[in-house]
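Colleague:
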Amino acid sequence: MFSRETVHIKDRGMAFPGAEMRQAPYSNVGQPFHTDACDLLIMYVNNLAHSGGKFQLASSAQIYNSIASTRPDVIHTLSSDTWIFDKFTPHLQPPYEIRPILLPFGENHGPSFFYSRRPLTGSPVAPRTVGIPPMTERQAEALDMVHFTAVKCQLKFEARRGDIICVNNLAVMHAREGFTDFDEGFHSEDDQKHVEEKDKTQDPSQRDGNKRTPGRTAEQAGGKGRKLKKEEQGRRHIIRLWLRNKRLEWPKPEIIRPVLDLKYDPRSEWCKRPVWHLDPPTVPERLLARRFTCS
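Taking my numbering, the leading residue of the sequence shown gets -1, the next gets one more, and so forth.
1. Compute the Euclidean distance between the alpha carbons of K270 and P264, then round it to the nearest angstrom.
2. Helix, strand or coil for E95, going by three-state DSSP, please let me know.
3. How about P30 and V5: are their beta carbons less than 8 Å apart?
4. On the DSSP bridge assignment, give the partners of A173 in chain order.
5. Determine the direct distance from the alpha carbon of A173 to that of Q54, and round the result to whole angstroms.
6. In chain order, what residues of the same chain lie with their CB nearer than 7 Å to the CB of S266, ignoring the 5 residues before and after it?
7. Quick check: what's the CA-CA separation for M133 versus R238?
8. How about P93 and I40: do their beta carbons lie closer than 8 Å?
9. Along the chain, where does the beta strand (DSSP E) that runs through L39 open and close?
10. Given a threshold of 16 other Cβ atoms within 10 Å of its Cβ, counted over all protein chains shown, does F180 qualify as buried or as exposed?
11. For I82, which option in D71, Q152, R126 has the closest C-alpha, if you only look at C-alpha atoms?
12. Which one or two residues does DSSP pair with C164 in a beta bridge?
13. On the CB-based measure, 16 or more other CB atoms within 10 Å of its CB, does K150 come out buried or exposed?
14. Using only CA atoms, which one of Y42, K52, Q21 lies nearest to E156?
15. Would you give the residue range spanned by the beta strand (DSSP E) that P302 belongs to?
16. Could you tell me the distance, in whole angstroms, from the CA atom of A138 to the CA atom of T80?
17. Write down the C-beta distance between E28 and G176 rounded to the nearest angstrom, noting that I regard them as a contact closer than 8 Å.
18. Would you tell me roughly how many angstroms separate the C-alpha atoms of P122 and N26, rounded to the nearest one?
19. Rounded to the nearest angstrom, what separates E217 and A35 at their Cα positions?
20. Among H48, V257, H107, which residue has its Cα nearest to the Cα of Y62?
21. For S67, name the three-state secondary structure that DSSP assigns.
22. Is L241 helix, strand or coil when you go by DSSP?
23. Report buried or exposed for Q152, applying the criterion of at least 16 other Cβ atoms within 10 angstroms of its Cβ.
24. What is the rounded straight-line gap between the Cα of T68 and the Cα of P249?
25. Smallest Cα separation from R245: which of K8, R10, L38, T33?
26. Out of G16, I236, H235, V165, which one is the CA nearest neighbour of T33?
27. With a threshold of 8 Å on Cβ separation, who are the neighbours of M143 within its own chain once the five nearest residues in sequence on each side are excluded?
28. Helix, strand or coil for T178? Go by DSSP, reduced to three states.
29. Would you call H235 buried or exposed, if buried means 16 or more other Cβ atoms sit within 10 Å of its Cβ?
30. Do A148 and M171 have their beta-carbon atoms positioned less than 8 Å apart in this structure?
Given below as structure tokens:
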């Protein structure tokens, strides 16, 4: 396997000018169901929020089957070559691309979804580029149906520090709850005691993502890593990797190959200059950039 993207998913707060327009990976807002621009989505849970931030997964096949059984017309809309994706590059013409959001991935895997919502609808922090044709009412209905069907069949769960979540991005959609970090109004001693008491009642073998056995110390079980600084306690921090297994990868429709080749093809401009961020970004231009999207 090899990776071409390492991203720190962490709320950067309001510490810089224009921070209210920071993009979703660097904020604490919830995210609707979507897919990323990768084969395998890997998320390492470095730290958890004070509250919220649960992970949400939903099978693309289950979503498809549920919609197809009741609204086959919506399936035709989702697979039509009419969906307009904003590139957020107004200097390029046209500043958008058109493709389906439901695509075939070979006889052995069937149809699946491949899109994120922001390039289709825009958002308060990423308004649609002026002049791009609007979404139709039929498309808006279909897009919402995918999301709310995913909500009905979702697996929602809380992770623990040290967990590694591996997702087949071409078979499973994902979302997240909004969350509140510890330093957003939870500074009191009572709140800190509540967190500590909650930790005491948890099975020690399950804390900090370490699998321990009775009678063994943390060091004997592999160590629990460095102790978090006070300002880091209760601050959600996910380290995301986009991976590909060349031997087991799914066949891809030609229409999305350019998007994936940008991340995985060694000849692409991005891959010739790989950057591995060891720490969360602090440069405002990166935190505000609209062009960098999940898909």
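For every residue, glycine included, the Cβ atom is placed at its ideal position computed from N, Cα and C.
Modeller: Taking the coordinates as given:
1. What you label residue 270 is simply residue 272 of the sequence shown in a count that begins at 1. What you label residue 264 is simply residue 266 of the sequence shown in a count that begins at 1. For K270 and P264, the distance between alpha carbons rounds to 6 Å.
2. Within the sequence shown, the letter at position 97 stands for residue 95. Residue state, collapsed to three classes: strand.
3. By one-based count along the sequence shown, residue 30 stands at place 32. By one-based count along the sequence shown, residue 5 stands at place 7. Their beta carbons are not under 8 Å apart, which means P30 does not touch V5 by this criterion.
4. Numbered from its first residue, the sequence shown carries residue 173 at position 175. BP columns for A173 point to Q54.
5. Locating residue 54 in the sequence shown gives position 56, where the first residue counts as 1. Locating residue 173 in the sequence shown gives position 175, where the first residue counts as 1. Each residue's Cα considered, the two are about 5 Å apart.
6. Position 268 of the sequence shown, counted from the start, is the residue given in the question as residue 266. Answer for S266: D259, L260, listed in chain order.
7. Locating residue 133 in the sequence shown gives position 135, counting from the first residue. Locating residue 238 in the sequence shown gives position 240, counting from the first residue. Their backbone Cα atoms lie some 30 Å apart in a straight line.
8. One-based indexing of the sequence shown puts residue 93 at position 95. One-based indexing of the sequence shown puts residue 40 at position 42. Not a contact, by the Cβ cut-off of 8 Å.
9. Indexing the sequence shown from 1 puts residue 39 at position 41. L39 -> beta strand (DSSP E) spans 38 to 45.
10. The sequence position of residue 180 within the sequence shown is 182, counting from 1. Buried is the call here.
11. On the sequence shown, position 84 is the one that residue 82 refers to. Among D71, Q152, R126, the Cα nearest to that of I82 is on R126.
12. Start at 1 with the first residue of the sequence shown, and residue 164 comes out as number 166. DSSP output for C164 lists I40 as bridge partner(s).
13. As a working mapping, residue 150 is identified with position 152 in the sequence shown. Burial call: exposed.
14. Sequence index remark: in the sequence shown, residue 156 carries index 158 (1-based). The candidate whose alpha carbon is nearest that of E156 is K52.
15. Coverage of the chain is limited to positions -1 through 293, which leaves residue 302 absent and any answer about it impossible.
16. Locating residue 138 in the sequence shown gives position 140, counting from the first residue. Locating residue 80 in the sequence shown gives position 82, counting from the first residue. Between A138 and T80, the C-alpha separation is close to 12 Å.
17. Walking along the sequence shown from the start, residue 28 turns up at place 30. Walking along the sequence shown from the start, residue 176 turns up at place 178. Reading off the sequence shown, one finds Gly at residue 28, where the question assumed Glu. G28 to G176, Cβ: 4 Å. Contact.
18. The residue labelled residue 122 in the question sits at position 124 within the sequence shown. The residue labelled residue 26 in the question sits at position 28 within the sequence shown. Spanning the two alpha carbons is a distance of roughly 14 Å.
19. In the sequence shown, counting from the first residue as 1, residue 217 sits at position 219. In the sequence shown, counting from the first residue as 1, residue 35 sits at position 37. Confidence in E217 is poor, its pLDDT being 36 and thus under 50, which makes the residue's placement unreliable; the coordinate value appears in the next sentence. Their backbone Cα atoms lie some 38 Å apart in a straight line.
20. Sequence index remark: in the sequence shown, residue 62 carries index 64 (1-based). It is H107 whose Cα lies nearest to the Cα of Y62.
21. Mapped onto the sequence shown, residue 67 falls at position 69. S67: helix per DSSP, three-state reduction.
22. Stepping through the sequence shown from its first residue, residue 241 is reached at position 243. Looking at L241 - three-state DSSP - the assignment turns out to be strand.
23. Counting from one through the sequence shown, the residue named residue 152 turns up at place 154. The residue in question, Q152, is buried, as its Cβ has 16 or more Cβ neighbours within 10 Å.
24. Counted from its first residue, the sequence shown places residue 68 at position 70. Counted from its first residue, the sequence shown places residue 249 at position 251. Taking the straight line joining both Cα atoms gives about 28 Å.
25. Within the sequence shown, the letter at position 247 stands for residue 245. Taking only the C-alpha atoms, the option nearest R245 is L38.
26. Translated into positions along the sequence shown, residue 33 becomes position 35. Checking every option, the nearest Cα to that of T33 belongs to V165.
27. In the sequence shown, counting from the first residue as 1, residue 143 sits at position 145. Once the five neighbours on either side are set aside, the close Cβ partners of M143 are I65, R69, V72.
28. One-based indexing of the sequence shown puts residue 178 at position 180. Residue state, collapsed to three classes: strand.
29. Here residue 235 refers to the residue found at position 237 when the sequence shown is read from its first residue. Buried.
30. The count along the sequence shown starts at 1 and reaches residue 171 at position 173. The count along the sequence shown starts at 1 and reaches residue 148 at position 150. Yes. Within cutoff.
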